[in-house]
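Numbering (the numbering used here), first residue to last: 176 to 465.
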């Protein structure tokens, strides 16, 4: 799967955009396979690719890491946390260098060294998902939060956690700090292949599903679901217009929902905006990697 980094700038309230594309050949990014984009404490944009890390400060620079990076967090005023396939590296970041201060592995309490996902919660704790379960870091040590494979962790506006698992029959978990609920096919979810999860301004949880193949980013079993805290609703009208697996979604404060799909040399990646108030769905970009 290939993802193209596209930077867009909103021009006005009518949702007009300017786009600037960055690629390996044209802009010295280490790879066109972008796994994650994040902003650090100094306003620089970072990418996690399948080869290394990059950051943009007027031009792209590469930060080599000895391990394969899987996730990236910027914590507090100047900390950088990099999840890899051999544990988690913690460092202090400034404008010109990273001073590494710790490397956490199973010897420090992690359930596995390969990290699938990592977030910082609103209470400051670091949570990570691995093939053997979930750990949380309380600032002093790693604790076991859940003994169940987890590859996505999402914290909603109420500080509840949503966790995605490769398990059946229940593959979606909801933890509100006291109760731990699980959901699956019997609860109205169409399939277990969850790609991304988010929340809109009305508190609805949005979930996209689908299986992506290396030679077919459109995938199969794609769907888009909205959960209103009671029922999972399939958004057939949106999905039929997009007709491919949604790999990322984001809801901005105004209520617009941004939906992204993957692409490669022959199939264009796309970015869509959905207006919940009017029901309008607009395609705002389409870009091939070739």
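For each residue, glycine too, the CB sits at the ideal point set by N, CA and C.
Only a predicted model underlies this, so the values are computations on that prediction, with no experimental measurement involved.
Note: residue 229 is bridge-paired with 222 and 237 in the DSSP secondary-structure output. In this structure, the alpha-carbon of residue 416 lies about 44 Å from that of residue 313. Less than 8 Å divides the Cβ of residue 347 from the Cβ of residue 364.
In the DSSP assignment, residue 199 falls within the alpha helix (DSSP H) that extends over 199 to 202. Taking C-beta separations shorter than 8 Å and ignoring five residues to either side along the sequence, the partners of residue 199 in its chain run 205, 206 and 207, following chain order. From the listed residues 411, 276 and 262, the smallest Cα separation to residue 268 is found for 276.
Contact between residue 430 and residue 375 holds: CB atoms are separated by about 7 Å, below the 8 Å threshold. Between the C-alpha atoms of residue 379 and residue 403 there is a straight-line separation of about 5 Å.
Under DSSP, the beta-bridge partners assigned to residue 277 are 265. In this structure, the CA atom of residue 228 is about 21 Å from the CA atom of residue 305. In the assembly as shown, residue 437 is a buried residue. Its beta-carbon has 16 or more other beta-carbons within 10 Å. For residue 362, the secondary structure class from DSSP, reduced to helix, strand or coil, is helix.
Within the region 384 to 455, the runs of beta strand (DSSP E) that reach at least 3 residues and sit entirely inside it are, in chain order, 391 to 402, 407 to 409, 421 to 426, 431 to 436 and 444 to 450.
Straight across, the Cα-Cα distance linking residue 202 with residue 356 is about 46 Å.
When only Cα atoms are considered, residue 291 and residue 209 end up about 15 Å apart.
Residue 334 and residue 219 have their C-alpha atoms spaced approximately 27 Å apart. With respect to the C-alpha of residue 421, the residue from 237, 307, 428 and 397 having the closest C-alpha is 397.
Residue pairing of residue 357 in beta bridges, as defined by DSSP: 348. Under the 10 Å beta carbon count, residue 270 is surrounded by fewer than 16 other beta carbons and is classified as exposed. Cα atoms of residue 233 and residue 308: separation of roughly 39 Å, rounded to the nearest angstrom. Short of 8 Å from the beta carbon of residue 320, and not among the five residues preceding or following it, lie these beta carbons of its own chain, in chain order: 302, 308, 309, 310 and 311. Boundaries of the beta strand (DSSP E) around residue 304: 301 to 305. Cβ-Cβ distances below 7 Å link residue 360 to 344 in the same chain, with the five nearest sequence neighbours on each side left out; the list follows chain order. Residue 210: member of the beta strand (DSSP E) spanning 209 to 214, first to last residue. If you ignore the 5 residues before and after residue 240, its C-beta comes within less than 8 Å of the C-beta of 227, 228, 257, 259 and 264, all in its own chain and listed in chain order. Under the 10 Å beta carbon count, residue 332 is surrounded by fewer than 16 other beta carbons and is classified as exposed. In the three-state reduction of the DSSP assignment, residue 324 falls in the coil class.
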